[in-house]
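Note that the protein sequences, when read in sequence, are chains W and F.
With this note's numbering applied, the first sequence corresponds to residues 2 to 621, in that order.
With this note's numbering applied, the second sequence corresponds to residues 2 to 621, in that order.
Number of protein chains: 2
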Amino acid sequence: MEQSNELQQKAKLIRKWALISTTEAGSGHPTSCLSAADLAAVLFEKYFTYDLANPLNLYNDRFVLSKGHASPLLYTLFAMAGAYPLEELKTLRKFGSRFEGHPVPNFVFSEAATGSLGQGLSVGAGLAWLAKRENLPYKTFVLTGDGELAEGQVWEAANFASHEKLDNLIAILDINRLAQSQETMFGHDIEKYVNRFQSFGFEVIAIDGHDLNEIDKAFDSATKSANGKPHAIIAKTFKGKGISFLENKDGWHGKPLKKDELQKALAELGTVDDKLSFKLKKPSQTKLPANAFGKIAVEMPFDKNKEYATREVFGEVLVKLGEKNKAIYVLDADVKNSTFTETFQKAFAERFGECYIAEQNMVSMAAGLSRLGKIPFVATFAAFFTRAADQIRMARVSEANIKFAGSHVGVSIGEDGPSQMGLEDIALFGALPDAVVLQPSDAVSTAKLVPQMVAQKGFTYMRTLRSKTPVLYDSTEEFPIGGSKVLRQSGNDQLTVAATGITVFEAIKAADELKKEGINIRVIDCYSISPIDKEALRKCLHETKRRIIITVEDHFEHGGMGDFAAAAIADENGHLIKMAVTKISQSGTKDELLDDAGINASHIVTTVKEMMDELVENVS
Amino acid sequence: MEQSNELQQKAKLIRKWALISTTEAGSGHPTSCLSAADLAAVLFEKYFTYDLANPLNLYNDRFVLSKGHASPLLYTLFAMAGAYPLEELKTLRKFGSRFEGHPVPNFVFSEAATGSLGQGLSVGAGLAWLAKRENLPYKTFVLTGDGELAEGQVWEAANFASHEKLDNLIAILDINRLAQSQETMFGHDIEKYVNRFQSFGFEVIAIDGHDLNEIDKAFDSATKSANGKPHAIIAKTFKGKGISFLENKDGWHGKPLKKDELQKALAELGTVDDKLSFKLKKPSQTKLPANAFGKIAVEMPFDKNKEYATREVFGEVLVKLGEKNKAIYVLDADVKNSTFTETFQKAFAERFGECYIAEQNMVSMAAGLSRLGKIPFVATFAAFFTRAADQIRMARVSEANIKFAGSHVGVSIGEDGPSQMGLEDIALFGALPDAVVLQPSDAVSTAKLVPQMVAQKGFTYMRTLRSKTPVLYDSTEEFPIGGSKVLRQSGNDQLTVAATGITVFEAIKAADELKKEGINIRVIDCYSISPIDKEALRKCLHETKRRIIITVEDHFEHGGMGDFAAAAIADENGHLIKMAVTKISQSGTKDELLDDAGINASHIVTTVKEMMDELVENVS
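Next up, the structure:
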């Protein structure tokens with residue numbers, strides 16, 4: 002490469018500001034930036050096509066910083082590209098700065114929030130796969146560390162990328178030998194990485210990650226070759242490269258230099274011109290993602306004499322939405338015949354992704370799709386979303402717009418036993434700020450709620466049931482998010498039973514039984530778990546004789562619907578008693594297990610009677 | 002092999018009962034058993050050393066059925082070994098049967114609960130690693146499916162196994178081509194599996210999984226060779242093998258035969274003698290795991306004028322426990338210098354496992370260690386336990402005895418930002434039945450609680466803090482699980498603030514400030530989050546003027562300590578108001594972020610005053 006001297010200076014400028022900004026912050030990971038400075042300099046100098054004014058331009062190349070702790074590198078690169086002055090990097094890690102410790106969406110040039118390691122290649126796979134599906138010309142570059150390659154998710158992503166022939170995906174592996182607490186598993190044994198990525202179907206180029214010419218050749222080859230294989234540029238680097246007392250030295254992970262050490266380091270770098278810059282190639286076109294959040298009404302007739310599984314209705318609605326909204330993509334992890342996303346696959350194979358049994362990669366890929374304006378539905382058994390809990394958490398930090406559908410919730414799935422029962426999914430999604438959690442109990446409410454998942458921007462999670470349930474509602478009824486439905490009431494209700502999903506039917510049965518004994522109770526269907534219908538719950542308290550709400554749910558006791566309901570009435574006088582699953586279940590029939598878990602009609606009847614005895618005196 | 006005819010008959014007998022039991026159950030996965038019947042028959046006929054009377058005998062070989070849906074295979078094998086009559090298999094999947102849909106500890110010959118795929122190799126790695134560490138002669142056999150090899154965790158386990166030279170680990174890969182919803186990613190392209198496992202450092206033998214001689218040779222080689230490499234027997238098989246209308250046919254995953262189909266299938270098998278059996282080789286010795294749950298008192302002096310990080314104290318206590326209790330093992334995922342398990346590593350390297358950045362494998366390995374009586378502590382950042390949420394869930398189904406320590410909880414970690422903040426960990430662990438969740442706020446309470454994690458059998462989770470905190474307690478105080486501590490009280494407390502961890506100090510500050518204004522409040526430290534101190538909370542309600550408890554915690558609002566507290570007082574008259582984190586945080590100082598999250602002293606003061614105004618009339 003000709004201008005290598007100037008390019009060397011640019012790499013030095015990256016190093017300079019990675020050091021300055023972290024010292025200014027008093028924390029951060031300068032040495033992790035230094036190892037990748039040369040790789041990044043060549044990328045931004047020659048290969049990265051980007052329209053700074055429109056980060057979401059669909060013709061932009063994408064750069065995913067999987068090793069999120071090297072954020073000062075990312076921030077310096079875009080400063081040098083002209084997005085903002087270098088001086089602003091001195092706000093790194095300060096309250097209110099766009100330059101956080103690890104990249105978040107507040108930094109608009111970041112493709113995803115990173116910092117939980119091993120997720121970037123999946124985000125990149127999502128972006129690269131989208132380019133293939135939508136025939137877009139951009140390349141996706143993912144810069145990973147070496148320590149994070151121990152995360153299994155990396156290999157899920159690698160399998161997906163090679164299986165889907167994502168030759169527009171370029172992984173840049175910064176093999177700097179040193180992890181946080183010690184040397185990585187493989188140190189500088191580059192061959193181990195080469196063998197692994199080759200066996201996973203990658204086109205591999207191993208280089209000296211500090212040799213600008215080798216780097217240039219690697220990018221040149223990786224961006225030109227299109228033989229159906231994703232690329233891995235495996236770069237042997239040194240952590241702390243460029244500063245003698247940091248380079249390849251233990252004990253410098255996540256440590257900024259002290260002021261005097263910084264002066265020493267900057268002296269080593271010599272004079273570096275802050276005016277050096279990257280002139281990014283501009284993409285040939287500007288095309289922004291379309292706004293795709295309009296509400297679509299779905300008309301579906303249901304036979305009141307028949308039973309339907311909400312998971313099956315979910316699949317049918319998805320097809321109707323997919324017809325009208327081309328931004329909808331669906332991902333599944335080899336259970337599409339159980340979640341019923343196969344209905345969508347049959348209709349719109351081009352917008353369906355089979356992720357095989359690799360839930361982590363599936364979720365992070367969805368974050369990538371969301372980044373470019375798509376509306377990804379992600380489906381598996383509710384229980385198996387726990388497999389991707391960290392990816393879900395990080396997608397939420399990314400402010401991704403993802404629709405989750407978890408089937409086979411609760412003990413009511415029956416014979417398959419506890420490993421397949423989703424019993425902590427409300428806790429998982431419900432803990433995340435602003436996540437919407439829905440659980441329709443019948444076909445009509447399902448058909449009304451799925452379209453709202455699309456209209457509602459952000460995280461939405463729907464629990465669907467394995468077994469078929471009767472039709473409860475008229476097709477004219479509306480089911481707004483945050484609402485509920487009263488299913489039984491009278492002028493002299495003793496108390497309220499609030500149910501959701503399968504337990505709605507148990508609550509109805511209990512109410513009808515109690516009525517025969519002259520005890521009236523109110524029954525409400527909390528199909529919207531978060532937000533829960535605060536007003537309705539308060540009204541129940543006020544309008545029932547004993548100011549008691551009993552929540553019943555096929556979910557573990559802590560973190561479920563009951564806790565949302567309790568919070569909603571916290572400043573009211575009244576009592577909320579939770580009925581939920583309190584032990585590990587087993588195999589059996591649905592009815593045996595609902596009984597065994599203590600959440601069926603007969604247990605509700607017993608609890609109602611107990612409450613009437615026990616709490617009658619407490620409540621005025 | 003000589004007796005191959007008889008052995009063929011035994012394989013047929015396995016097939017017969019896999020078919021009968023699933024038809025009897027009306028659900029299950031017979032075809033997934035049929036593909037592995039020949040592999041399993043050879044293993045049990047010739048290679049599996051086992052003492053049926055003592056499943057926990059430390060000289061027993063271990064057999065992990067990673068493909069848990071093939072449970073009828075497992076159940077039939079042990080029936081044929083003489084553990085119970087074949088006829089009992091007809092209770093498969095019935096309520097109360099030990100033969101559940103997927104293996105659970107109720108079936109005493111199962112090494113772990115399986116059924117969430119891709120976890121068995123990690124459990125096996127834990128068992129095999131333990132044999133190396135304790136110089137035990139047993140071999141660990143892990144039977145996996147092919148679909149589950151898409152799970153990243155498998156590759157985490159593979160890395161660990163080869164890095165730790167676990168040549169006593171034998172993975173048997175049943176490559177039957179068909180997954181649940183379609184063909185697997187690689188179908189019968191055996192080379193793809195061979196390349197992957199070889200590149201991950203395994204000794205690979207590819208065989209025809211229905212050729213008894215090839216199988217025999219593979220086991221012979223894998224059990225004899227000890228060159229430091231773990232073994233992978235990659236067996237090309239056919240799903241449904243042995244029954245013409247099932248073999249290699251789509252659409253038969255997870256489907257039992259109907260009665261008439263069963264008759265047809267059994268006719269194809271021909272007469273098979275139910276008396277055929279496996280005579281398992283008995284191990285040379287009988288040694289059972291020692292009971293290691295005694296309470297150990299730890300005396301540690303702390304200077305009341307100094308501050309300590311609870312995570313650091315945790316590490317020191319761990320060493321003292323490790324001295325006296327040799328069953329304690331510690332696993333960490335490359336953050337031992339942050340969680341302070343490195344203190345243990347320095348003292349007892351032989352009982353420390355560096356798992357690198359692979360949390361899923363770490364947790365499932367711990368389940369393996371627990372199976373053989375060890376007491377594994379598993380440590381990482383609290384946030385990164387979400388990475389292993391499914392493994393944690395399954396370890397709980399396994400009734401594993403694991404001690405989890407999550408550091409860096411809450412927004413109080415400061416500058417690193419949201420990706421590193423543990424804010425859903427109480428929801429994660431708290432949802433699991435009977436899990437103990439602890440959060441000490443100072444050095445003394447930490448030193449008192451860690452020993453109780455060992456004495457308490459089952460799941461125990463401790464949250465530790467990044468920052469140092471003052472010493473609050475005298476070293477003579479006791480901190481029983483399920484208890485709490487009153488830190489401020491008076492004869493005329495208006496209400497109670499219940500805090501935990503870092504917010505304890507904010508609550509104290511708030512109380513002292515309010516006192517200056519003449520407002521007395523009670524402050525309690527809920528160091529035991531689950532079980533929470535129900536009696537103390539009730540007492541607080543009764544003894545404070547306004548019957549109000551305000552919970553304050555550095556955790557997301559839903560699923561945290563506040564929900565445990567609310568449940569504890571559900572049948573009392575009173576109000577519980579939760580103060581917690583309700584949005585995604587950012588980078589900043591600890592104090593800025595506690596303020597920004599609305600959970601610092603000044604917000605507590607404001608909320609207390611609001612409650613006094615708003616709720617005064619509600620409460621009589």
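Ideal Cβ positions, reconstructed from N, Cα and C, are used throughout, including at glycine.
Given the structure is predicted, the values throughout are model-derived calculations rather than measurements.
Hey, out of the options, whose CA is closest to residue i's CA?
i: W:I208; options: W:E416, W:L40, W:E479 and W:D443; result: W:L40
i: W:E262; options: W:E536, W:D597 and W:E25; result: W:E25
i: W:L59; options: W:A84, W:G369 and W:G210; result: W:G369
i: F:S163; options: F:H232, F:Y474 and F:G599; result: F:H232
i: F:K321; options: F:D335, F:V336 and F:A348; result: F:A348
i: F:G116; options: F:F142, F:G202, F:E593 and F:S72; result: F:S72
i: W:T224; options: W:I173, W:H189, W:K193 and W:D251; result: W:I173
i: F:K325; options: F:G411, F:A12, F:I297 and F:I578; result: F:I297
i: F:A568; options: W:K579, W:K584, W:I570 and W:A569; result: W:K579
i: F:V438; options: F:V451, F:P419 and F:M463; result: F:M463
i: W:L424; options: W:F382, W:N6, W:V410 and W:Y139; result: W:V410
i: F:H254; options: W:I570, W:I503, W:K337 and W:G241; result: W:K337
For residue i, which beta-bridge partners are listed by DSSP?
i: F:D274; result: Per DSSP, none; premise fails for F:D274.
i: W:S408; result: W:F382
i: F:K288; result: Looking at the DSSP assignment, F:K288 forms no beta bridge with any residue, so it has no partner.
i: W:H232; result: W:I171 and W:E204
So is residue i in contact with chain F if we call contact Cβ pairs under 7 Å?
i: W:W156; result: yes
i: W:R372; result: no
i: W:Y357; result: yes
i: W:K337; result: yes
i: W:E89; result: no
i: W:H103; result: yes
i: W:E204; result: no
Should residue i be flagged as near chain W, meaning a C-beta pair shorter than 7 Å?
i: F:I578; result: yes
i: F:K584; result: yes
i: F:L118; result: yes
i: F:A313; result: A small correction: the amino acid at residue 313 of chain F is Glu; Ala does not occupy that position in the sequence shown. Not one chain W Cβ lies under 7 Å of F:E313.
i: F:E611; result: no
i: F:S603; result: no
i: F:T340; result: no
i: F:N619; result: For F:N619, the predicted structure reports a pLDDT of 45, less than 50, and the residue's modelled location is therefore unreliable. The matter cannot be settled from this model.
i: F:R547; result: no
Taking 7 Å as the cut-off, decide whether the C-beta atoms of residue i and residue j are in contact.
i: F:S365; j: F:N402; result: no
i: W:L595; j: W:S413; result: yes
i: F:I427; j: F:H556; result: yes
i: F:D572; j: W:H559; result: no
i: F:T501; j: F:M562; result: yes
i: W:K283; j: W:D52; result: yes
i: W:L170; j: W:P290; result: no
i: W:F100; j: W:T92; result: yes
Report whether the distance from the Cβ of residue i to the nearest heavy atom of the ligand NAP is below 6 Å.
i: W:V318; result: What this structure holds is no ligand at all, so the ligand NAP is not there to describe.
Exercise for the section: Tell me, please, whether the segment 66–82 of chain F touches the segment 134–148 of chain F by the rule of three or more beta-carbon pairs shorter than 8 Å. Expected result: Enough Cβ pairs lie closer than 8 Å, so yes.
Practice task
Take every Cβ of the segment 359–373 of chain W, pair it with every Cβ of the segment 391–400 of chain W, and state whether three or more of those distances are shorter than 8 Å.
Solution key: The segment 359–373 of chain W makes contact with the segment 391–400 of chain W: 3 or more CB pairs, one atom from each, lie closer than 8 Å.
Handout entry: Segment contact flag, the segment 534–548 of chain F with the segment 449–461 of chain F, C-beta cutoff 8 Å, min 3 pairs
Key = No: fewer than three Cβ pairs fall under 8 Å.
Handout entry: Touching by the beta-carbon criterion (3+ pairs, under 8 Å), the segment 112–126 of chain F and the segment 599–614 of chain W
Key = The segment 112–126 of chain F, when compared against the segment 599–614 of chain W, does not touch it at the 8 Å Cβ threshold.
Problem - At least three beta-carbon pairs within less than 8 Å, the segment 521–531 of chain F to the segment 475–491 of chain F - result: Touching, yes.
Handout entry: Segment contact, 8 Å Cβ cut-off, at least three pairs: the segment 274–293 of chain F with the segment 9–19 of chain F
Key = The segment 274–293 of chain F makes contact with the segment 9–19 of chain F: 3 or more CB pairs, one atom from each, lie closer than 8 Å.
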